[in-house]
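Student: For the sequence shown, the positions run -18 to -1, 1 to 577 when mature numbering (1 follows the signal peptide of the UniProt record, and there is no 0) is used.
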Amino acid sequence: MARTGALAALLAVSLADAHSIPSLLSRSIPGLERLEKRQNDSTTTIPAALSIAAAQNWDGNDGPWSSFPVQIGVQPQTVRLMPGTSATSVLTVSPEGCPDTYPEDCPQERGGIFEISGSNTWVPNSIYNVGVAKNLGLDTEGTAGYDSVTIGWPGAVQASAEHNVVFNLDSAKFFVGIFGLNPRPTNFTTSAGVTEFNNPQTSFVQSLVNNRTIPSVSWAYTAGNQYRLNGNNLGSLTLGGYDASRFDQNQSLSLPFNTDISRDLLVNLRDIRTDASADRLLPQGNIQIFLDSSVGQLWLPESACDAFETAFNLTYDDSTNFYLVNETLREQLRSVNPNVTFTIAADSTATSEAIEIVFPYAAFDLTLGFPNVVNSTGYFPLKRAQNSSQYTLGRTFFQEAYVIADYDRSNFTIAPCDWDADRIAQQQIVSILRANETNTDSGSSSSNTGAIAGGVVGGVVGLVAIAGLVLFFLRRKKKTAEKQRLAELDAKSAAGGTAGSTPEDKTYSLDTEARPFISGPMGGELQGQEIHQLDSPHKIDPNKIGYSEMENPHEFYSPVKGVPAEMRGQTPIYEMAGSDVGELPAPRVNMTESK
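1. I'd like to know if the segment 183 to 203 and the segment 140 to 160 are in contact, where contact means that at least 3 CB-CB pairs between them fall below 8 Å.
2. Per DSSP, what are the beta-bridge partners of glutamate 123 in this structure?
3. Quick one: using the 10 Å Cβ neighbour count with 16 as the cut-off for buried, is serine 334 buried or exposed?
4. Return the first residue and the last residue of the beta strand (DSSP E) that valine 412 is part of.
5. Just to check my reading of the structure: tyrosine 373 and tyrosine 305 have Cβ atoms closer than 8 Å, yes? What is that Cβ distance to the nearest angstrom?
6. Would leucine 211 and proline 65 be called neighbours here (beta carbons separated by less than 9 Å)?
7. Could you check which residue in Gln59, Glu91, Ser49 and Leu248 has the C-alpha nearest to that of glycine 351?
8. What span of residues does the beta strand (DSSP E) with glutamate 144 cover, start to end?
9. Measuring straight from C-alpha to C-alpha, what distance separates isoleucine 11 and tryptophan 104?
10. Buried or exposed: where does tryptophan 47 fall if 16 or more other Cβ atoms within 10 Å of its Cβ makes it buried?
11. Just to confirm my understanding: we take isoleucine 406, look at its own chain, exclude 5 residues before and 5 after, and list those with CB closer than 8 Å. What are they?
12. Check whether the segment 275 to 285 touches the segment 327 to 345, taking contact to mean three or more Cβ pairs, one atom from each stretch, closer than 8 Å.
13. Out of Leu221, Asp274 and Leu190, point me to the one whose CA is closest to leucine 120's CA.
14. Should leucine 263 and isoleucine 254 be called a contact, given that it needs their Cβ atoms to be closer than 9 Å?
15. Below 7 Å CB to CB, which residues in the same chain sit around cysteine 287 once its five sequence neighbours on both sides are set aside?
16. Along the chain, which unbroken stretches of the beta strand (DSSP E) at least 3 residues long are found entirely within the segment 337 to 394?
17. Hey, serine 33 and isoleucine 411 are a contact pair by Cβ (cut 8 Å); roughly how many whole angstroms apart?
18. Look at glycine 223 and serine 200 and say whether their C-beta atoms are less than 9 Å apart.
19. Between which two residues does the beta strand (DSSP E) containing alanine 327 stretch?
20. Between the C-alpha atoms of arginine 416 and proline 81, what's the straight-line distance to the nearest angstrom?
21. Around the C-beta of isoleucine 109, are 16 or more other C-beta atoms found within 10 angstroms, so that it is buried, or is it exposed?
22. With distances taken between CB atoms, is the gap from proline 265 to alanine 293 smaller than 9 Å?
23. Do you know how far the Cα of glycine 42 is from the Cα of serine 49?
24. Compare the beta carbon distance of residue 581 and glutamine 188 with 9 Å and say whether it is the shorter of the two.
25. Over what stretch of residues does the beta strand (DSSP E) that includes alanine 202 continue unbroken?
26. Count the other C-beta atoms from every protein chain shown that fall within 10 angstroms of the C-beta of proline 165, then say buried if there are 16 or more, exposed otherwise.
27. In or out: proline 283 buried (at least 16 other Cβ within 10 Å) or exposed?
28. Go ahead and pull the three-state DSSP assignment for valine 187.
29. Among Gln408, Thr297, Phe346 and Val318, which one has its Cα closest to the Cα of serine 259?
30. Are the beta-carbon atoms of glutamine 38 and glycine 100 separated by less than 9 Å?
31. Is valine 277 helix, strand or coil by DSSP?
32. Please tell me whether aspartate 329 and asparagine 250 are closer than 9 Å, where the distance is taken between their beta carbons.
33. Runs of 3 residues minimum, wholly inside the segment 218 to 273: which ones carry the beta strand (DSSP E) assignment?
34. What did DSSP end up calling asparagine 180 once you bin it into helix, strand or coil?
35. Is the Cβ-Cβ distance between isoleucine 326 and leucine 235 less than 9 Å?
36. Is the beta carbon of alanine 69 sitting closer than 9 Å to the one on isoleucine 160?
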């Protein structure tokens, strides 16, 4: 019962103070400190997904679009950037991006300027192509270097990483800078088209995983818009997870990444239709099309563009290469407000799983500004693709679509956004764990603060297991020592009375280990008419003297006074002083040793 009670007490302590058990037990078992260290090393805290706060600004010369605040450098310069799902680096606007010929408010219109000379932590590299949307003819050069990148406004930092690739751009091809969400490393490419694959640079998202700021290489994004939720539907960006309040999981579609990593988010666009016309807006049928929020427009086949022209009375402007919309047509379309439905399928077969995402006309009622046109005007965000490599659903599509990308598992999910204002107000941030990690919890957190204590339960269970091992080792050690002791006594018994081994020459003592106590000579001969001799110096007959040892975890039971009993190993045994006993006349008998 005592051992059972000790185990119960040990388990109670493990629940009360998990950190104290290994330090207490490590003094009892050699090597337990190593076990304790291994246990501590295996107990990890998994960070929670981060919901990134939007900037409360609407930026861009082809939107407007909801932007996000990003700080560059240790002495930060804050800029507003657009999330780019295909970009692997950060693109900022240089002072040269606002020449004297541009309006005075150019720095503000472009989301802020980053001055390399103002950063003490900037590490220069060279001039390279940014490698974003190059299939669309939008690739441009920038001054490349490395600096710290921080998400959030000053005083409201949400995540930070050092030595990130930053391109400083003069060009207006990306009028507002880009914050790369793609975790692939950056390989610099020269203007001559030579790519340096021998020196890949870690992306910002991958850096956040490496420094355990987010739980996995994943993100979720919807661009937001000004026509939902009373015009204040800001973009939603989550790193390391997704916001379950933003979409209906029952209407989602999950797909594997495309084998071409430069076009990983490839979907099958089965159909496009509208209330404004009975004709299909995708006459050629199913096409494979790339999702990329780095650009604003929808890049569709020319036949589809022709169908849109007919349905919405659009006119293509050859000088700007945009579909400009004058105020008269704009008001007509606003009054009709036709819906446009995109059908996204799992594959090209007619019977494959598919979802529908419905866009009101307001999603296409955007404004084109300088330097595309001299004066701001309405336009329809549609572009003519020259070939299938240009088929792209840009930021316009992300206004109504919610996309989750999981790079650990090489798959992504697309779903129509949910516009329940009450539900959206109650964020439901769900962390996506890495493929080699598990979480017994629901995987969600109500906010973006704190962390998932992934190792707490495992740590307590591990400590309880160590406690069990302690008891096992102690019992095993005790049994081994006793067997060794008995074997030694058997050997002595077989040898008989050897030279120099008389009772007067022996010293009897107990070591510090707890073991059954076997009595030695008491310092005198037995009193009486007979000479008493034990059958064995170490084996006691329980039938004669009441000695009984039961299997663990039970205690010894001895109803007879003075019989052998197990004593605590740390308790000293004292030999009582005895009186002299006269020697009776009797034949001399050789006494065997007892220990």
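In this text, a Cβ means the ideal position worked out from N, Cα and C, and glycines have one as well.
Tutor: The structure says:
1. As far as the Cβ criterion goes, the segment 183 to 203 touches the segment 140 to 160, which means the pair count is three or higher.
2. Looking at the DSSP assignment, glutamate 123 forms a beta bridge with Asn111.
3. exposed
4. 411 to 413
5. With a Cβ gap of about 17 Å, tyrosine 373 and tyrosine 305 do not count as contacting.
6. no
7. Glu91
8. 141 to 151
9. Bear in mind that the predicted position of isoleucine 11 carries a pLDDT of just 48, short of 50, making it too unreliable to give a figure here.
10. buried
11. Closer than 8 Å at Cβ, skipping near neighbours: Leu211, Ser227, Arg228 and Asp400.
12. no
13. Asp274
14. Judged by beta-carbon spacing, isoleucine 254 lies within the 9 Å limit of leucine 263, meaning their Cβ atoms are closer than that value.
15. Leu364 and Arg366
16. Here the runs fully enclosed are 348 to 350, 359 to 362, 364 to 366 and 383 to 388.
17. Beta-carbon to beta-carbon, serine 33 and isoleucine 411 are separated by about 5 Å, close enough to satisfy the 8 Å threshold.
18. Contact: yes.
19. DSSP places alanine 327 in the uninterrupted beta strand (DSSP E) bounded by 322 to 327.
20. Taking the straight line joining both Cα atoms gives about 46 Å.
21. exposed
22. Result no, Cβ atoms of proline 265 and alanine 293 do not sit closer than 9 Å.
23. 9 Å
24. What the structure shows of the chain is the stretch from -18 to 577, and residue 581 is not part of that stretch, so it cannot be assessed.
25. Its beta strand (DSSP E) spans residues 200 to 204.
26. buried
27. buried
28. helix
29. Val318
30. By the CB criterion at 9 Å, glutamine 38 and glycine 100 fall outside the cutoff.
31. coil
32. In this structure, asparagine 250 lies closer than 9 Å to aspartate 329 by Cβ.
33. 218 to 221, 223 to 225, 235 to 238, 248 to 256 and 269 to 273
34. coil
35. yes
36. yes
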